[in-house]
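Peer 1: Numbering (our numbering), first residue to last: 338 to 661.
We put the CB at the ideal spot given by N, CA and C, even for glycine.
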Amino acid sequence: MTTVADPTRRSDDRPTDRQRVLFVGGLGRSGSTLLEKLLNELPETRSVGETLHLWERGIRDAERCGCGDEFAECPQWQAIGAAAFGSWDRVDLDDVIDLRWRIDRSRRLPQIFDAVRRQRPSPDQARYVDHLSKVLHAAAALDDGPTVLLESSKHLSTAALLATDPSLDVRVVHLVRDPRGVAYSWTKSVERPEADGSMMPTYSPARTALRWVTDNLGFEALHALGVPMERVRYEDLLADPVGVLRRITAMADLPGTSFEFVDGAEVHVREPMHSIAGNPMRFGGDRMTLRLDDAWRSKLSAKDRRTVTAMCAPMLKRYGYPLR
Ligand SMILES: [Zn+2]
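#1: For residue 586, which option in 370, 375, 371 and 644 has the closest C-alpha, if you only look at C-alpha atoms?
#2: In chain order, what residues of the same chain have a beta carbon less than 6 Å from the beta carbon of residue 661, not counting five sequence neighbours either side?
#3: Checking the sheet assignment: what are the DSSP bridge partners for residue 382?
#4: Going by the C-beta, is residue 611 closer than 7 Å to any heavy atom of ligand 1?
#5: Tell me which residue opens and which closes the alpha helix (DSSP H) that residue 610 is part of.
#6: Using only the alpha-carbon positions, how far apart do residue 356 and residue 477 sit?
#7: Candidates 652, 635, 401 and 405: which alpha carbon is nearest residue 609's?
#8: With DSSP as the reference, label residue 492 as helix, strand or coil.
#9: Hey, residue 612 and residue 403 are a contact pair by Cβ (cut 8 Å); roughly how many whole angstroms apart?
#10: Any heavy atom of ligand 1 closer than 7 Å to the CB of residue 398?
#11: I'd like to check one pair, residue 516 with residue 549: are the Cβ atoms closer than 8 Å?
#12: With the cut-off set at 8 Å, would you say residue 704 and residue 545 are in Cβ contact?
#13: At a cut-off of 7 Å, would you count residue 406 as near ligand 1, judging by its Cβ distance to the nearest heavy atom?
#14: What three-state label does DSSP hand residue 356 in the structure shown?
#15: Would you identify the three-state DSSP class for residue 537, choosing helix, strand or coil?
#16: Does the structure place the region 588-599 close enough to the region 363-370 that three or more beta carbon pairs sit under 8 Å?
#17: Which two residues bound the contiguous beta strand (DSSP E) that contains residue 444?
#18: Who are the near neighbours of residue 454 in its chain, counting only those whose CB is closer than 6 Å to its CB and skipping five residues on each side?
#19: Would you kindly work out how many angstroms separate the C-alpha atoms of residue 647 and residue 469, rounded to a whole number?
#20: So, at 7 Å on beta carbons, what are the nonlocal neighbours of residue 442 in its own chain, with the 5 sequence-adjacent residues on each side left out?
#21: From residue 642 to residue 483, what does the alpha carbon distance come to, in whole angstroms?
#22: Quick one: Cα of residue 579 to Cα of residue 634, how far?
#23: Count the other CB atoms, across all protein chains shown, that sit within 10 Å of the CB of residue 492; report buried if there are 16 or more and exposed otherwise.
#24: State yes or no: is the C-beta of residue 471 within less than 8 Å of the C-beta of residue 408?
#25: Under 7 Å: does the beta carbon of residue 402 sit that close to some heavy atom of ligand 1?
#26: Rounded to whole angstroms, what is the Cα-Cα separation between residue 343 and residue 448?
#27: Could you check the C-alpha separation between residue 568 and residue 600 for me, to the nearest Å?
#28: With DSSP collapsed to three states, give me the class of residue 506.
Now the structure itself:
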């Protein structure tokens, strides 16, 4: 798929010093944490994790950052809070959390897409996006290192809302995985290590299949509205990580990047990832082995497989997945 923005949609009168944001988008359990860890190894990037969840899980609930520290102890997040707001204490947390639950929702996509198309968010949308934007600009200004911020909220609504901010240059990695693998993964209980004892939710295969279709269509619609995007299949990322990283860095205008941290199926993890929320995999050591998770092939029941395949059939063909 081409990644050149439609020039008739992205006007040239935007500020030229916009902050580049590489947004990892797609349905959860599609390999986004793995991709984020790989992209975080690039010298020009810095991960902020899922800013969608920063307000509740980070600031309010003091969950652990991807670096292992509690949110309030993580030097990077304290520096971002100080630069963005003076201090996290000065954020009206109830207000931001209220905005998040009213505005950054799938059910609000009609209003959000309208704001993207007109490049004119509503006052509440603008107030919410301003909070995320302040965090992103502060993270980018921490030192003269990274030029691109990695945002991995995954949600289409968050990507689209960020795309209404003229100070941000949002480019999306649209991550797609075989929906039968996604559906199987969402039937499993997974513990969230940053929040003692709490579990991630589970969903039925049919519900996941419906979300898979609507989410992927939505990302394609966002691309049609002029947001640069590169579609990446989880299975391709595992089969040819360097090839996929090359496509993403080309879309993000990061030429000449070295991928020496990938050695076959082994990844040398050098950079701590100061990310909020996300898969338990974001914690972990200095080595990572890339291994395709296709447990669904033996563990998803025939009935569930038929349901998911039927519901996703047109999009399966579009993304090159077999119907059988
Ligand atoms: Zn941290």
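Peer 2: Here's the rundown:
#1: Measuring C-alpha to C-alpha distances from residue 586 to each of 370, 375, 371 and 644 identifies 375 as the nearest.
#2: The answer is none, since no qualifying residue turns up.
#3: Within the DSSP secondary-structure output, residue 382 pairs in a beta bridge with 485.
#4: If you check the C-beta of residue 611 against ligand 1, you find a heavy atom less than 7 Å away.
#5: Counted as a single uninterrupted DSSP element, the stretch harbouring residue 610 is not any alpha helix (DSSP H), since DSSP gives it neither H nor E.
#6: When rounded, the distance between both Cα atoms is 8 Å.
#7: Nearest to residue 609 by alpha-carbon distance, out of 652, 635, 401 and 405, is 405.
#8: Taken through DSSP and simplified to helix, strand or coil, residue 492 comes out as coil.
#9: The distance from the Cβ of residue 612 to that of residue 403 is about 4 Å, consistent with a contact at the 8 Å cut-off.
#10: No - ligand 1 has no heavy atom lying nearer than 7 Å to the Cβ of residue 398.
#11: Residue 516 sits close to residue 549, with the two beta carbons spaced by under 8 Å.
#12: Any property of residue 704 remains undetermined from this structure, which presents the chain solely from 338 to 661.
#13: Distances from the CB of residue 406 to the heavy atoms of ligand 1 include at least one below 7 Å.
#14: Three-state DSSP puts residue 356 in a strand.
#15: Correct three-state label for residue 537: coil.
#16: Contact between the region 363-370 and the region 588-599 is absent: fewer than three C-beta pairs spanning the two stretches fall below 8 Å.
#17: Taken as a continuous stretch (DSSP letters only), residue 444 belongs to no beta strand (DSSP E), as it is neither H nor E.
#18: Within the same chain, and ignoring the five residues on either side of residue 454 in sequence, the residues whose Cβ sits closer than 6 Å to its Cβ are 562.
#19: Computed Cα separation, rounded: 38 Å.
#20: Closer than 7 Å at Cβ, skipping near neighbours: 494.
#21: So the two alpha carbons sit approximately 43 Å from each other.
#22: If you take the alpha carbons of residue 579 and residue 634, they lie about 26 Å apart.
#23: By the neighbour-count rule (16 or more Cβ atoms within 10 Å), residue 492 is buried.
#24: Against a cut-off of 8 Å, the Cβ pair of residue 408 and residue 471 comes out as no contact.
#25: Yes - ligand 1 has a heavy atom lying nearer than 7 Å to the Cβ of residue 402.
#26: Since pLDDT at residue 343 reaches only 41, below the 50 mark, its modelled position is unreliable, and the value read off the structure follows with that caveat. CA-to-CA, the gap between residue 343 and residue 448 works out to about 21 Å.
#27: Cα to Cα, the separation comes out at about 23 Å.
#28: Strand.
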